[in-house]
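Visitor: Just so you know, the sequence shown maps onto residues 92 to 376 in this note's numbering.
Glycine included, every Cβ here is placed at the ideal spot set by N, Cα and C.
Remember, it's a predicted structure, so these values are computed and weren't measured experimentally.
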Amino acid sequence: MKRVRKAVFPVGGLGTRFLPATKAIPKEMLPVVDKPLIQYAVDEAREAGIEQMIFVTGRGKSAIEDHFDIAYELESTMADRGKALDAIAGTRFAPGAVAYVRQQEPNGLGHAIWCARDIVGDEPFAILLADELMTGTPGCMKQMVDAYAEIGGNLVCGYEVAPEETRDYGVIDPGEVRGALVEVRGLVEKPPPGTAPSNLMIPGRYILQPEVMRILDRQERGAGGEIQLTDAMAEMIGRAPFYAMRFTGRRFDCGSKAGFIEANLALALEHPDIAPHIRAFLAKI
Ligand code: UTP
92 MKRVRKAVFP VGGLGTRFLP ATKAIPKEML PVVDKPLIQY AVDEAREAGI
142 EQMIFVTGRG KSAIEDHFDI AYELESTMAD RGKALDAIAG TRFAPGAVAY
192 VRQQEPNGLG HAIWCARDIV GDEPFAILLA DELMTGTPGC MKQMVDAYAE
242 IGGNLVCGYE VAPEETRDYG VIDPGEVRGA LVEVRGLVEK PPPGTAPSNL
292 MIPGRYILQP EVMRILDRQE RGAGGEIQLT DAMAEMIGRA PFYAMRFTGR
342 RFDCGSKAGF IEANLALALE HPDIAPHIRA FLAKI
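1) By DSSP's criteria, residue 250 is part of a beta bridge. Which residues make up the other side?
2) Applying the 10 Å Cβ sphere with the 16-neighbour rule, what's the burial state of residue 148?
3) Return the first residue and the last residue of the alpha helix (DSSP H) that residue 359 is part of.
4) Starting from the C-beta of residue 211, find all residues in its chain whose C-beta is less than 8 Å away, skip the five residues before and the five after it, and write them out in chain order.
5) Give a yes or no on contact between the stretch 133 to 142 and the stretch 197 to 206, applying the rule of three or more CB pairs nearer than 8 Å.
6) Is the number of C-beta pairs between the stretch 314 to 321 and the stretch 336 to 354 that are closer than 8 Å three or more?
7) Decide if the stretch 262 to 269 is in contact with the stretch 172 to 181; the criterion is three or more beta carbon pairs, one per stretch, under 8 Å apart.
8) Starting from residue 286, trace the alpha helix (DSSP H) both ways and give me its first and last residue.
9) Work out the CA separation of residue 184 and residue 269 for me, nearest whole Å.
10) Is the stretch 184 to 193 in contact with the stretch 120 to 129, if contact means three or more CB pairs nearer than 8 Å?
11) Give the DSSP bridge partners of residue 245, in chain order.
12) Would you say the beta carbon of residue 105 comes nearer than 7 Å to a heavy atom of the ligand UTP?
13) Would you list, in sequence order, the uninterrupted beta strand (DSSP E) runs of no fewer than 3 residues that lie entirely inside the stretch 136 to 160?
14) Can we count residue 222 as close to the ligand UTP, meaning its CB is less than 7 Å from some heavy atom?
15) By Cβ distance, which residues of its chain are closer than 7 Å to residue 360, with the 5 residues on each side in sequence left out?
16) Could you pull out every residue in the same chain whose Cβ sits closer than 7 Å to the Cβ of residue 320, ignoring the five residues on either side in sequence?
17) Heavy atom of the ligand UTP less than 7 Å from the Cβ of residue 200, yes or no?
18) Could you pull the DSSP bridge partners for residue 341 from this structure?
19) Where in the stretch 165 to 189 do unbroken runs of the beta strand (DSSP E), each at least 3 residues long, occur, reported from the N-terminal end onward?
20) What does DSSP give as the partner residue(s) for residue 217 in the beta ladder?
21) Alpha carbons only, please: which of 257, 198, 249 is nearest the one belonging to residue 333?
22) My output table needs one value for residue 93: the three-state DSSP class, helix, strand or coil.
23) Is it a yes or a no for the stretch 159 to 169 touching the stretch 223 to 239, going by three-plus beta-carbon pairs under 8 Å?
24) If I follow the unbroken beta strand (DSSP E) through residue 258, where does it start and stop?
25) Name the one or two DSSP bridge partners that residue 131 has.
26) Buried or exposed, going by whether 16 or more other CB atoms sit within 10 Å of the CB of residue 352?
27) When the Cβ atoms of the stretch 99 to 111 are set against those of the stretch 216 to 224, are three or more pairs found closer than 8 Å?
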């Protein structure tokens, strides 16, 4: 079984729910406390042993490339002033360990993943959506890579939400349960209220076989007229093992304003430098 070495980060979306903040800067560069969302996802992938990071970008996303590049002026000015560079230590990749591909039109998540097909090649790969901030020890992708090493096939993260929330997500039709793993019998994108087959949604973490690219080659459009990753994954059910790994850490939907603010508050309350101040401020208001 091939190891998971590559991760795709689709960052080509328009982020319309965050306008006007995301008119000129990518949603993935919005900071939670002091780190942009995309860096939380990259750190999670690194912890999982991923070696090659593939970003599927779009117009107006160059801040992401700059964030993960050398900043000569900043670094030399900081060095001249005797400031430690620790704060930007995680923003560098080893030479050749990062690739960028441009999704010219935001035709959906499935389309974004398909744009990375030649860089992914013929091996299993991870997908991380940076606007879903997942925290846990070990991290979500590390847990998934470890589970994948046991079972192979296709593996998605499964996260329990309240029944009234399932209408917003891709939801799992569950089969046999093996510890934290749940067999995936079917997948439904945004089920109408009262029709969801479970409360287990997929929060933007996947390990998929390269076969998904052959399905996406057909460019079939689904919900919202977009090329949906959920539809392509649904076709692979039954051809290879397909499981969801129930994640019990925390998830913040940072693609929504409320989730983004929740993430900032929760992580600020764990940040040693600012936690007492924030706690006192929250009590006051
Ligand atoms: P969303 O559904 O959150 O869409 O995409 P969005 O455009 O980012 O945000 P809103 O809904 O307009 O506010 C989920 C993930 O898929 C990526 C997004 O960047 C995000 O990480 N995506 C989506 C693409 O890369 N390309 C697309 O065409 C669509």
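Guide: This is what the structure holds:
1) BP columns for residue 250 point to 292.
2) Around the CB of residue 148, 16 or more other CB atoms lie within 10 Å, so the residue is classed as buried.
3) Where residue 359 is concerned, the enclosing alpha helix (DSSP H) stretches over 348 to 359.
4) The residues 97, 99, 145, 301, 304, in chain order, have a CB closer than 8 Å to that of residue 211 in the same chain once the five nearest residues on each side in sequence are set aside.
5) With a cut-off of 8 Å, the stretch 197 to 206 and the stretch 133 to 142 do not count as touching, because too few Cβ pairs lie within range.
6) Not touching, per the Cβ criterion.
7) Contact between the stretch 262 to 269 and the stretch 172 to 181 is absent, because fewer than three Cβ pairs lie under 8 Å.
8) Looking at the DSSP string, residue 286 is not in any alpha helix (DSSP H), and its letter there is neither H nor E.
9) Taking the straight line from one Cα to the other gives about 37 Å.
10) Contact between the stretch 184 to 193 and the stretch 120 to 129 is absent, because fewer than three Cβ pairs lie under 8 Å.
11) Bridge pairing for residue 245: 333 [DSSP].
12) With a cut-off of 7 Å, the C-beta of residue 105 is classified as near the ligand UTP, since at least one heavy atom of the ligand falls inside that distance.
13) DSSP runs (the beta strand (DSSP E)) wholly in the stretch 136 to 160: 143 to 148.
14) Because some heavy atom of the ligand UTP lies under 7 Å away, the Cβ of residue 222 counts as near it: yes.
15) For residue 360, where only same-chain residues beyond five positions count, the Cβ hits under 7 Å are 366, 369, 370.
16) Correct list, in chain order: 200, 201, 204.
17) Yes, the ligand UTP has a heavy atom inside 7 Å of this Cβ.
18) DSSP lists 226 as partners of residue 341.
19) As far as the stretch 165 to 189 is concerned, it has no whole beta strand (DSSP E) run of at least 3 residues.
20) Answer by DSSP bridge pairing, in chain order: 98, 298.
21) That would be 249, whose Cα lies nearest to the Cα of residue 333.
22) Residue 93 falls in the coil class under three-state DSSP.
23) Taking 8 Å as the limit for Cβ pairs, the verdict is that the stretch 223 to 239 does not touch the stretch 159 to 169.
24) First-last for residue 258: undefined, no H or E at that position.
25) Answer by DSSP bridge pairing: none, since residue 131 is not bridged.
26) By the 10 Å Cβ count, residue 352 comes out exposed.
27) Output reads yes: the stretch 216 to 224 touches the stretch 99 to 111.
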